[in-house]
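Number of protein chains: 2
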Amino acid sequence: MDFVSKMTVDLRNTLLALTVLLAVKPVVCDHSRRLELWDSGKKGTSGGNGDLVTDLPGQPNVAFRHYAGYVTVNEAHGRALFYWFYEASTRADEKPLVLWLNGGPGCSSVGYGATQEIGPFIVDTHGNGLKHNPYSWNTKANMLFLESPIGVGFSYSNTTSDYNNLGDDFTAKDAYIFLNNWFLKFPSYRKRTFYIAGESYAGKYVPELAELIYDMNKDPNSLQIDLQGILLGNPETSDAEDWRGLVDYAWSHAVISDETHKIIRESCDFEGNDTWSNNNCTEGVDEVLKQYKEIDIYSIYTSVCIGNSAGSDDRSLPLMILMKRTSKTKMIPRIMGGYDPCLDEYAKAFYNRPDVQKALHVSDGHQLKNWSICNMKIFEEWSDSKPSVLPIYKKLITAGLRIWVYSGDTDGRVPVLSTRYSLSSLGLPITKAWRPWYHQKEVSGWFQEYEGLMFATFRGAGHAVPCFKPSNSLAFFSAFLLGEAPPSAR
Amino acid sequence: MDFVSKMTVDLRNTLLALTVLLAVKPVVCDHSRRLELWDSGKKGTSGGNGDLVTDLPGQPNVAFRHYAGYVTVNEAHGRALFYWFYEASTRADEKPLVLWLNGGPGCSSVGYGATQEIGPFIVDTHGNGLKHNPYSWNTKANMLFLESPIGVGFSYSNTTSDYNNLGDDFTAKDAYIFLNNWFLKFPSYRKRTFYIAGESYAGKYVPELAELIYDMNKDPNSLQIDLQGILLGNPETSDAEDWRGLVDYAWSHAVISDETHKIIRESCDFEGNDTWSNNNCTEGVDEVLKQYKEIDIYSIYTSVCIGNSAGSDDRSLPLMILMKRTSKTKMIPRIMGGYDPCLDEYAKAFYNRPDVQKALHVSDGHQLKNWSICNMKIFEEWSDSKPSVLPIYKKLITAGLRIWVYSGDTDGRVPVLSTRYSLSSLGLPITKAWRPWYHQKEVSGWFQEYEGLMFATFRGAGHAVPCFKPSNSLAFFSAFLLGEAPPSAR
Numbered sequence: 076m077d078f079v080s081k082m083t084v085d086l087r088n089t090l091l092a093l094t095v096l097l098a099v100k101p102v103v104c105d106h107s108r109r110l111e112l113w114d115s116g117k118k119g120t121s122g123g124n125g126d127l128v129t130d131l132p133g134q135p136n137v138a139f140r141h142y143a144g145y146v147t148v149n150e151a152h153g154r155a156l157f158y159w160f161y162e163a164s165t166r167a168d169e170k171p172l173v174l175w176l177n178g179g180p181g182c183s184s185v186g187y188g189a190t191q192e193i194g195p196f197i198v199d200t201h202g203n204g205l206k207h208n209p210y211s212w213n214t215k216a217n218m219l220f221l222e223s224p225i226g227v228g229f230s231y232s233n234t235t236s237d238y239n240n241l242g243d244d245f246t247a248k249d250a251y252i253f254l255n256n257w258f259l260k261f262p263s264y265r266k267r268t269f270y271i272a273g274e275s276y277a278g279k280y281v282p283e284l285a286e287l288i289y290d291m292n293k294d295p296n297s298l299q300i301d302l303q304g305i306l307l308g309n310p311e312t313s314d315a316e317d318w319r320g321l322v323d324y325a326w327s328h329a330v331i332s333d334e335t336h337k338i339i340r341e342s343c344d345f346e347g348n349d350t351w352s353n354n355n356c357t358e359g360v361d362e363v364l365k366q367y368k369e370i371d372i373y374s375i376y377t378s379v380c381i382g383n384s385a386g387s388d389d390r391s392l393p394l395m396i397l398m399k400r401t402s403k404t405k406m407i408p409r410i411m412g413g414y415d416p417c418l419d420e421y422a423k424a425f426y427n428r429p430d431v432q433k434a435l436h437v438s439d440g441h442q443l444k445n446w447s448i449c450n451m452k453i454f455e456e457w458s459d460s461k462p463s464v465l466p467i468y469k470k471l472i473t474a475g476l477r478i479w480v481y482s483g484d485t486d487g488r489v490p491v492l493s494t495r496y497s498l499s500s501l502g503l504p505i506t507k508a509w510r511p512w513y514h515q516k517e518v519s520g521w522f523q524e525y526e527g528l529m530f531a532t533f534r535g536a537g538h539a540v541p542c543f544k545p546s547n548s549l550a551f552f553s554a555f556l557l558g559e560a561p562p563s564a565r
Numbered sequence: 076m077d078f079v080s081k082m083t084v085d086l087r088n089t090l091l092a093l094t095v096l097l098a099v100k101p102v103v104c105d106h107s108r109r110l111e112l113w114d115s116g117k118k119g120t121s122g123g124n125g126d127l128v129t130d131l132p133g134q135p136n137v138a139f140r141h142y143a144g145y146v147t148v149n150e151a152h153g154r155a156l157f158y159w160f161y162e163a164s165t166r167a168d169e170k171p172l173v174l175w176l177n178g179g180p181g182c183s184s185v186g187y188g189a190t191q192e193i194g195p196f197i198v199d200t201h202g203n204g205l206k207h208n209p210y211s212w213n214t215k216a217n218m219l220f221l222e223s224p225i226g227v228g229f230s231y232s233n234t235t236s237d238y239n240n241l242g243d244d245f246t247a248k249d250a251y252i253f254l255n256n257w258f259l260k261f262p263s264y265r266k267r268t269f270y271i272a273g274e275s276y277a278g279k280y281v282p283e284l285a286e287l288i289y290d291m292n293k294d295p296n297s298l299q300i301d302l303q304g305i306l307l308g309n310p311e312t313s314d315a316e317d318w319r320g321l322v323d324y325a326w327s328h329a330v331i332s333d334e335t336h337k338i339i340r341e342s343c344d345f346e347g348n349d350t351w352s353n354n355n356c357t358e359g360v361d362e363v364l365k366q367y368k369e370i371d372i373y374s375i376y377t378s379v380c381i382g383n384s385a386g387s388d389d390r391s392l393p394l395m396i397l398m399k400r401t402s403k404t405k406m407i408p409r410i411m412g413g414y415d416p417c418l419d420e421y422a423k424a425f426y427n428r429p430d431v432q433k434a435l436h437v438s439d440g441h442q443l444k445n446w447s448i449c450n451m452k453i454f455e456e457w458s459d460s461k462p463s464v465l466p467i468y469k470k471l472i473t474a475g476l477r478i479w480v481y482s483g484d485t486d487g488r489v490p491v492l493s494t495r496y497s498l499s500s501l502g503l504p505i506t507k508a509w510r511p512w513y514h515q516k517e518v519s520g521w522f523q524e525y526e527g528l529m530f531a532t533f534r535g536a537g538h539a540v541p542c543f544k545p546s547n548s549l550a551f552f553s554a555f556l557l558g559e560a561p562p563s564a565r
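Protein sequences appear in the order of chains P and F.
The opening residue of the first sequence carries number 76 in the working numbering; numbering runs sequentially from there.
The opening residue of the second sequence carries number 76 in the working numbering; numbering runs sequentially from there.
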């Protein structure tokens with residue numbers, strides 16, 4: 076990092092820390108008092124116990140408790156984030172706490188992470204029920220899913236202008252305040268070993284929140300969160316490297332022609348500030364996106380969801396792949412299907428059921444919230460997106476945090492090439508060379524260890540890796556928690 | 076093509092034509108007489124009808140006839156090639172004749188093409204039976220599968236020294252003589268519209284045989300074969316481009332590290348004659364092959380066959396990926412598994428059954444032939460391999476033949492990048508730009524039309540495309556026969 080950008084980052088961090096301190100200071104100074112404050116201002120929830128989910132429709136029988144509901148992050152604005160917390164399925168008090176974030180920006184950690192990927196209850200076909208996920212990550216940790224920022228899923232603000240401020244910093248700050256207040260609800264987790272995990276655009280959220288926690292932890296008056304590491308799946312990391320990787324991946328995976336690739340290579344300066352002012356570049360990239368419209372960019376070898384009767388306006392999204400043309404950065408939202416390309420629809424049907432909303436303490440079962448898996452308005456109006464979080468990687472590596480990055484290698488959205496370009500640009504020394512890692516006697520992917528960072532691939536997995544490789548993902552998650560490399564022998 | 080290589084090719088062709096003329100002249104001059112000659116010298120077969128298969132164990136009921144047996148290609152040496160011919164399932168007399176060839180060198184068109192890919196009878200699990208393949212290419216054409224050259228499958232020579240001469244030219248010549256003599260058995264097909272199709276190393280066989288037919292057709296005394304076109308799947312084409320593509324594909328598909336890729340890019344001169352004299356290059360490529368040992372190079376996202384009880388020595392082959400270290404060209408044989416990675420074993424079990432060999436007119440049911448899906452000795456001792464058949468492409472394009480090339484894009488052995496590098500080096504003008512083609516409302520792949528050549532990909536298909544996409548492949552084959560591009564709208 077050069078001096079100027081370092082100064083900018085430092086200055087930004089200082090300002091951010093100040094803002095956050097102002098926001099949460101009352102919370103962290105006196106947790107018990109604050110808890111009372113929150114409780115008195117909220118209806119239907121009285122701390123963690125009030126949020127206990129007891130009658131989720133179609134829920135399989137399980138031996139662990141889970142909680143869902145709101146945590147206010149700004150009382151004056153009426154701003155509250157929705158969470159769903161699953162205690163670990165066994166010996167919850169000995170296991171770490173892991174916060175999971177999905178990206179978008181604008182997509183729901185409940186709709187994706189909890190419901191389609193790593194939660195204990197996977198939405199079954201057509202919203203008719205839930206099935207138990209034997210590969211749920213709550214077999215290894217206490218799992219906290221957050222719908223973040225406001226506007227995502229059930230999370231909201233009563234102050235309209237809040238929605239104009241959405242961006243990376245806003246999201247990190249609200250998530251930090253959320254954590255502070257969530258720990259008031261669940262004080263027994265306050266000193267628990269803590270990790271943050273996430274995928275896609277959460278590739279930005281996760282390091283940004285980790286940095287904020289790390290910075291805030293320096294203040295002895297702040298809540299001391301025992302953050303030990305971060306885990307990132309197919310993460311957006313550096314816009315320039317991400318774009319280069321997306322294009323090179325599309326070419327090498329035969330999605331675009333040699334000719335289109337050549338035009339982009341010759342005309343696009345992804346490092347620059349005016350990438351999209353070059354017409355050849357824009358047309359070349361438009362051609363890439365045009366090809367990706369026709370398949371599932373998040374899982375390039377599977378089918379797209381076509382002609383499902385439960386169809387909604389959302390279903391056209393995978394075929395649209397919206398871009399922010401007015402922005403200097405073309406962004407593509409994370410709208411994905413896993414194994415089952417129609418799963419998004421089932422989730423939408425399920426979370427809009429009155430009995431489900433009531434069980435999750437979202438509504439009274441009459442005044443329903445309108446839940447969607449991704450909020451496109453948020454995506455489109457995202458005002459503040461860090462072009463790269465690689466400087467944060469460096470900071471967190473220096474801080475000694477465990478940083479593991481994984482990549483499903485059949486994802487075209489944040490492809491394995493993007494992630495490798497990003498990590499390569501960090502210039503970290505390699506401590507253990509590229510080699511396969513195994514799961515159930517098959518090559519599950521490859522991995523490479525750097526000083527301060529571990530990178531692994533998942534062979535044949537799309538953007539949301541656990542959708543495609545649930546058993547492998549759980550084993551990998553377990554290795555991450557232990558800080559031990561995944562098996563490198565069959 | 077430069078002058079020297081052109082001269083070499085012309086000279087070679089002339090010599091080849093002379094040799095073939097000498098070999099087949101008696102055949103093609105008087106077909107009826109020759110037919111008698113063959114018949115008198117063979118046991119158990121009396122023309123096509125003697126080869127009719129009537130009691131294939133486990134065969135599903137079908138309405139078409141099929142024939143199997145030997146065609147002698149050199150009586151003095153006792154050299155005979157095994158074929159299996161399926162009449163088209165309907166209106167056989169109106170449909171074209173298609174010869175299918177698998178590669179290796181050393182692998183069986185019966186074991187792969189007929190039994191696992193495009194034949195009407197697919198070997199079921201564990202050699203217990205056959206199941207009908209609704210996507211058999213004999214629904215569109217009369218399909219002739221040839222085990223070629225001698226040493227492959229059931230094909231043999233009684234003259235040991237013949238095995239020392241195996242190579243591209245030997246194979247083409249014997250295949251040509253085979254065709255001549257086969258038409259004697261099946262005279263009603265003699266003037267039939269004719270195509271040659273094949274995959275993998277048949278990427279060399281097919282154009283080489285097509286060229287020989289084209290050249291021989293110029294002699295009015297030769298049998299006039301109505302060759303209209305060739306169809307090539309994941310074809311080995313040009314050694315230099317194939318190697319470049321293999322390495323770039325391995326890197327872009329996250330099979331090897333950035334570091335290994337860099338070493339190869341910097342040290343390997345794949346165009347040169349002494350590529351493997353550079354240690355860095357050899358070590359780099361060895362590293363690629365080492366990584367591929369652990370997965371199925373022919374289908375990089377599927378499982379390998381592990382621990383099957385029907386296991387045989389053959390099963391270690393996918394994990395070995397033999398290379399010709401002594402040769403100037405590193406070659407890798409085509410040992411592949413399709414959807415079911417253990418299918419090779421079932422085929423082996425099936426074709427070594429006494430009742431099966433008897434039904435196919437291979438043995439009397441007592442003195443069994445030892446059938447294997449690939450003959451590694453042939454592969455290892457292959458003496459004559461054309462470094463590139465691109466000059467033949469040019470010749471056949473000029474001759475107006477239909478040339479279609481397709482590529483399953485999840486094959487690491489002859490990857491889509493290799494094929495694109497090869498076609499790109501041809502420098503043909505593009506007549507219709509890169510765009511998707513569809514099957515059953517999904518993107519089946521992409522295609523690009525050149526002057527004189529059509530190139531298409533199969534999304535998510537491995538080396539033996541029809542194993543992975545049987546329905547799509549049949550539709551594509553049908554388009555090829557019609558000479559009409561596959562559907563470019565959903």
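The C-beta atom is built at its ideal place from N, Cα and C for all residues, glycine as well.
Here the structure is a predicted model, which is why all the values come from computation and not from measurement.
Looking at the backbone, the Cα of Ile271/P and that of Val491/F are separated by about 39 Å. Val128/P has a beta carbon lying at 8 Å or more from every beta carbon in chain F. Within the segment 516-543 of chain F, the residues whose Cβ lies closer than 8 Å to any Cβ of chain P are, in chain order, Lys516, Glu517, Val518, Gly520, Trp521, Gln523, Thr532, Arg534, Gly535.
Distance from the Cα of Leu259/F is smallest, within the candidate group Ser500/F, Gly125/F, Trp509/F, Cys542/F, for Gly125/F. As for any beta strand (DSSP E) of minimum length 3 sitting wholly inside the segment 195-246 of chain P, the runs are 196-198, 205-207, 217-222, ordered along the chain. Annotation for Lys516/F: Arg565 place their beta carbon closer than 8 Å to its own, counting only its chain and skipping 5 residues before and after. Between Gln366/F and chain P, the shortest Cβ-Cβ separation is below 8 Å.
In this model, Ile339/P and Ser332/P are separated by some 11 Å (Cα to Cα). Here Leu528/P has Tyr468, Ile472, Ile478, Trp479, Val480, Leu498, Leu501, Leu503 as same chain residues with Cβ atoms under 8 Å from its own Cβ, once five neighbours each way along the sequence are excluded.
Under a criterion of Cβ atoms nearer than 8 Å, the residues of chain F adjacent to Thr485/P are, in order, Tyr376. In this chain, the alpha helix (DSSP H) harbouring Val540/P covers 540-543. In this structure, the CA atom of Phe555/F is about 37 Å from the CA atom of Lys544/P. Taking 8 Å as the cut-off, the Cβ atoms of Arg154/F and Asp237/F count as close. Residue pairing from DSSP places Ser313/P in a beta bridge opposite Ser463/P.
At a beta-carbon threshold of 9 Å, the residues of chain P lying near Val491/F are Ser327, His328, Ala329, ordered along the chain. Along the segment 327-351 of chain P, going in chain order, the ones with a CB nearer than 8 Å to a CB of chain F are Ser327, His328, Ala329, Val330, Ile331, Ser332, Asp333, Glu334, Thr335. For Ala434/F, no Cβ of chain P is located within less than 8 Å of the residue's own Cβ. Under the 8 Å criterion on CB atoms, Asp168/P is classed as non-interfacial with respect to chain F. For Asn149/F, the three-state secondary structure derived from DSSP is strand. For Lys444/F, the closest C-alpha among the options Ile453/F, Lys423/F, Arg319/F, Gly537/F is that of Lys423/F.
Contact of Glu369/P with chain F by beta-carbon distance below 7 Å involves Pro511, Val518. Your pair Leu241/F and Val173/F does not check out as a contact, with CB atoms roughly 25 Å apart and the cut at 8 Å.
The way I'd put it, the segment 154-163 of chain F does touch the segment 129-143 of chain F; three or more beta-carbon pairs between them come closer than 8 Å. Per DSSP, reduced to three states, the secondary structure at Lys507/P is strand. In this structure, the CA atom of Glu456/P is about 46 Å from the CA atom of Cys542/F. When the beta-carbon positions are compared, Pro132/F and Val431/F come within less than 8 Å of each other.
Within chain F, the residues Ser332, Glu334 have their CB atoms less than 8 Å from the CB of Ala508/P, given in chain order. Between Asn309/F and Ser275/F, the beta carbon gap of about 6 Å places them in contact (Cβ cut-off 8 Å).
In its chain, beyond the 5 residues on either side, Ile305, Val464, Ile467, Tyr468, Leu471 have a beta carbon closer than 7 Å to the beta carbon of Pro282/P. The beta carbons of Leu549/F and Tyr210/F sit about 4 Å from each other, so the pair counts as a contact at 8 Å. If you look at Phe261/F, you'll find it isn't in any beta strand (DSSP E); DSSP assigns it neither H nor E.
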